[in-house]
Amino acid sequence: MSIHRMLRKERAEIVKDFCLRHGGVYNPQTFVEEVRSTGPDHPAYTHFTWDDSKAAHKQRTWEARMFVQGLKLEYKIEHLTPTGKIKVQERDVPLLLSPSETRQDGMGYYMFDPNDPEHLEELRRQAVVDLKAWVVRYAVALDSAGLTKQPLERIISILESTSASSLQAAE
3 MSIHRMLRKE RAEIVKDFCL RHGGVYNPQT FVEEVRSTGP DHPAYTHFTW
53 DDSKAAHKQR TWEARMFVQG LKLEYKIEHL TPTGKIKVQE RDVPLLLSPS
103 ETRQDGMGYY MFDPNDPEHL EELRRQAVVD LKAWVVRYAV ALDSAGLTKQ
153 PLERIISILE STSASSLQAA E
């Protein structure tokens, strides 16, 4: 069973059990050693690649992904103000995008072009997914600071409707 087939609840139980036996601490290296020493009887055993050659390849692929993480493309936008002056704004976007629909297949990235409507559409799609996940993850933090998630939900809604409008216009 791969990690994708193991339910999040099952993984949480495995991790809670591990933490309880290790003073409330999750140390990935200790966890891997425990899984390795237990062998196939450990519920997380099939999550790991035990063939060292394959594992090394997966690790280098992950390192290549980390190598490009956070890289930005900087560009400038010129606006004509109501007074007739040209205002220049600097923006940055991801240098590379990993398309959502091919990400699970291990496909690569493409260089982002801020002038390409399809690239902008993909960026909005990814923004919606990331913002929704952020809201779920940090809802308690927002509550504890006396904030609400409604402004973020409004932004998500606008991005979703913009994406839907773009798709309808393309058809």
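Counting from 1, position 128 in the sequence shown corresponds to residue 130 in my numbering; the numbering is continuous, with no gaps. In this text, a Cβ means the ideal position worked out from N, Cα and C, and glycines have one as well.
Would you call the CB atoms of G110 and S100 closer than 9 Å? It is a contact, given that the beta carbons lie within the stated cut-off.
Have a look at S4 and R13 and give me their C-alpha separation to the nearest angstrom. A caution first: S4 carries a pLDDT of 47, below 50, which makes its placement in the model too unreliable to give a value.
Run through DSSP, which three-state label would K87 get? Under the three-state reduction of DSSP, K87 is assigned to coil, being neither helix nor strand.
Distance between K134 and D145 (C-alpha atoms, nearest Å): Distance between the alpha carbons of D145 and K134: 16 Å.
Under 8 Å: do the segment 57-64 and the segment 28-41 share three or more Cβ pairs, one atom per stretch? Cβ pair count under 8 Å is below three, so no.
In terms of alpha-carbon separation, which member of M68, I16 and V90 lies closest to Y47? Among M68, I16 and V90, the Cα nearest to that of Y47 is on I16.
Exposed or buried, which one is R67 when buried takes at least 16 other CB atoms within 10 Å? R67 counts as exposed, since fewer than 16 other C-beta atoms from the protein chains shown sit within 10 angstroms of its C-beta.
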